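Trainee: Could you have a look at this structure, given as structure tokens, before my questions?
Structural data, given as structure tokens:
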């Protein structure tokens, strides 16, 4: 029995270590050995496809005017671009502000009742006119050149989706505040993109072929993850990551807002594992490998962390496992200390421990919400 518990303990520890520390090294090595940098073609204005910039919005009166102005300033031929705001039961002046724009490129699709983002997107896709649909958020501001850079990839019929790069900014100063974790995730996207195993997209900036979109489940929680992968499953079209296509978004204003966002994403992650489990088949090649390593195993880490504590407690009669228990307790202690001390630069190691623990706690909450049916396709917008 002791040997079985020891094996279980080390499997938990090794799986956590692989998910966060070893996988980045493995995927970078594989990308260097077997990957390739996708190559796009330059398109003249006459060759550019028609594009619909689609934004699902609920009570976004504070930012929607600036967002539309930002979209109208994109470097793209005016006769090939439409900006569609799909208002999801907004009870403020969002729809009124959109109607106030006299530019013929701006269109409003208004739902009088709140239906949830995915239902709104499914409905909006039946009304947009562009060959390519660029999906974004109301609080995202797109670089002027981003759209032109993204659509060039669609000249290749094998490409189904293109993901841009999201830069996080400080709401007070506007400065780039990409965290170590965000840079880490961006690094993984680059490596996975070279392998042809990119997973999902940034909801702030991603584009899909309209002809490849046949709708997704109405209760989908994380559309930006599911839409590109469903397109890949149904049509076997590639997902491309273009780091030169940039969008900017402010970080959530406090820890609780970020925790709620991560728990929602966690619920969506567990939901998508079940619905996209076919991607784990070896016939999907690198996508199966990245899906298991980057997503399935990562989202399993809360349970692995609990397993490490429980099995360690059963092994405390051994000196080695008293040390491993002490290390675990110290890690959680540093996490609490980091939460209490704020964002002082000198205490960044503590903040990393806090981020790791909070992220896994949010995943655990997300699992409970998904398993209990508490997380629906409709949720409260993040305060900003």
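Numbering (the numbering used here), first residue to last: 233 to 616.
The C-beta atom is built at its ideal place from N, Cα and C for all residues, glycine as well.
As the structure is a computational prediction, the values presented were derived from the model and not from experiment.
Return the CA-CA distance between residue 510 and residue 569, expressed in angstroms with no decimal places.
Mentor: Cα to Cα, residue 510 sits roughly 42 Å from residue 569.
Trainee: Taking residue 268 as the reference, give the member of 473, 445 and 572 with the closest Cα.
Mentor: Looking at the Cα atoms, 473 is the closest of the given residues.
Trainee: Hey, could you find the ends of the beta strand (DSSP E) residue 451 is sitting in?
Mentor: Residue 451 -> no beta strand (DSSP E), and no H or E assigned at all.
Trainee: What would DSSP say about residue 409, mapped onto helix, strand or coil?
Mentor: The predicted model places residue 409 with a pLDDT of 48, which falls under 50 and marks its position as unreliable, so this point remains unresolved.
Trainee: With a threshold of 16 other CB atoms inside 10 Å of the CB of residue 598, please say whether the residue is buried or exposed.
Mentor: Residue 598 should be labelled buried.
Trainee: Using only the alpha-carbon positions, how far apart do residue 602 and residue 492 sit?
Mentor: Taking the straight line joining both Cα atoms gives about 14 Å.
Trainee: So, at 8 Å on beta carbons, what are the nonlocal neighbours of residue 443 in its own chain, with the 5 sequence-adjacent residues on each side left out?
Mentor: Correct list, in chain order: 363.
Trainee: Using the DSSP secondary-structure output, state which residues sit across from residue 482 in a beta bridge.
Mentor: Beta-bridge pairing links residue 482 to 401.
Trainee: Going by the beta-carbon positions, is the gap between residue 412 and residue 584 smaller than 8 Å?
Mentor: Contact: yes.
Trainee: Only counting the same chain, and skipping five residues up and downstream in sequence, which positions put a Cβ closer than 7 Å to that of residue 520?
Mentor: Correct list, in chain order: 511, 512, 513 and 514.
Trainee: Under 8 Å, with one C-beta from each stretch per pair, do the stretch 449-468 and the stretch 558-568 reach the 3-pair mark?
Mentor: With a cut-off of 8 Å, the stretch 558-568 and the stretch 449-468 do not count as touching, because too few Cβ pairs lie within range.
Trainee: So residue 437 packs on residue 378, CB below 8 Å; how close in whole Å?
Mentor: Confirmed, Cβ separation roughly 7 Å.
Trainee: Assuming residue 316 contacts residue 284 (C-beta within less than 8 Å), just tell me the rounded distance between them.
Mentor: The pair is a contact, with the Cβ atoms about 6 Å apart (cut-off 8 Å).
Trainee: Please report the Cβ distance between residue 547 and residue 237, rounded to the nearest whole angstrom; I am assuming they are in contact, meaning their Cβ atoms lie under 8 Å.
Mentor: Indeed, because the Cβ distance is near 6 Å, the residues count as touching under 8 Å.
Trainee: Between the beta-carbon of residue 306 and the beta-carbon of residue 374, is there less than 8 Å?
Mentor: Taking 8 Å as the Cβ cut-off, residue 306 and residue 374 qualify as a contacting pair.
Trainee: Using 8 Å for Cβ pairs, my map puts residue 320 next to residue 288. What's the rounded Cβ distance?
Mentor: So it is a contact: roughly 6 Å between Cβ atoms.
Trainee: Compare the C-alpha of residue 245 against each of 286, 487 and 543 and name the closest.
Mentor: When each option's Cα is compared against that of residue 245, the closest is 543.
Trainee: What alpha helix (DSSP H) runs, 4 residues minimum, are completely inside the stretch 280-328?
Mentor: DSSP runs (the alpha helix (DSSP H)) wholly in the stretch 280-328: 296-304.
Trainee: Given a cut-off of 8 Å, decide if residue 310 and residue 339 are closer than it, judged by their beta-carbon atoms.
Mentor: Contact flag unset, no.
Trainee: Taking only three categories from DSSP, how would you classify residue 504?
Mentor: The answer is helix: DSSP assigns residue 504 an H, G or I state.
Trainee: Check whether the stretch 518-537 touches the stretch 585-593, counting contact only when three or more Cβ pairs, one atom from each stretch, lie closer than 8 Å.
Mentor: These segments touch.
Trainee: Give the straight-line distance between the Cα atoms of residue 356 and residue 446, rounded to the nearest whole angstrom.
Mentor: C-alpha separation (whole angstroms): 12 Å.
Trainee: Please name the residue or residues paired with residue 473 in a DSSP beta bridge.
Mentor: Answer is 395, bridged to residue 473.
Trainee: Would you mind stating whether residue 382 and residue 392 have Cβ atoms separated by less than 8 Å?
Mentor: The answer is no: Cβ separation not under 8 Å.
Trainee: Excluding five sequence neighbours on each side, which residues of the same chain lie with their C-beta closer than 6 Å to the C-beta of residue 318?
Mentor: Excluding residues within five positions, the ones whose Cβ falls inside 6 Å are 288, 341, 352 and 356.
Trainee: Straight-line CA distance for residue 582 to residue 418?
Mentor: Rounded to the nearest angstrom, the two C-alpha atoms are 22 Å apart.
Trainee: Please report how far the alpha carbon of residue 401 lies from the alpha carbon of residue 354, in whole angstroms.
Mentor: In a straight line, the C-alpha of residue 401 is about 30 Å away from that of residue 354.
Trainee: If we ignore side chains and look at the alpha-carbon of each, how far apart do residue 565 and residue 541 end up?
Mentor: So the alpha carbons of these two residues sit roughly 14 Å apart.
Trainee: Buried or exposed for residue 328, please, with buried defined as at least 16 other CB atoms from any protein chain shown within 10 angstroms of its CB.
Mentor: Answer is exposed; the Cβ neighbour count stays below 16.
Trainee: What's the gap between the Cα of residue 554 and the Cα of residue 545?
Mentor: For residue 554 and residue 545, the distance between alpha carbons rounds to 9 Å.
Trainee: Using CA atoms only, rank isn't needed, just tell me which of 302, 422, 275 and 350 is closest to residue 264.
Mentor: The candidate whose alpha carbon is nearest that of residue 264 is 422.
Trainee: Please list, in chain order, all residues of the same chain as residue 500 whose beta carbon is under 6 Å from its beta carbon, the five residues on each side excluded.
Mentor: Around residue 500: 453 and 454.
Trainee: Can you look up residue 578 in the DSSP assignment and give me helix, strand or coil?
Mentor: The predicted model places residue 578 with a pLDDT of 48, which falls under 50 and marks its position as unreliable; any figure quoted below should be read in that light. In this structure, residue 578 counts as helix in the three-state DSSP scheme.
Trainee: Give me whichever residues DSSP pairs with residue 342 in a beta bridge.
Mentor: In DSSP, residue 342 forms a bridge with 319.
Trainee: Residue 503: which of 457, 259, 258 and 314 sits nearest, CA to CA?
Mentor: The residue with the shortest Cα to Cα distance from residue 503 is 457.
Trainee: Taking Cβ to Cβ, would you say residue 398 is nearer than 8 Å to residue 479?
Mentor: Yes, they are a contact pair.
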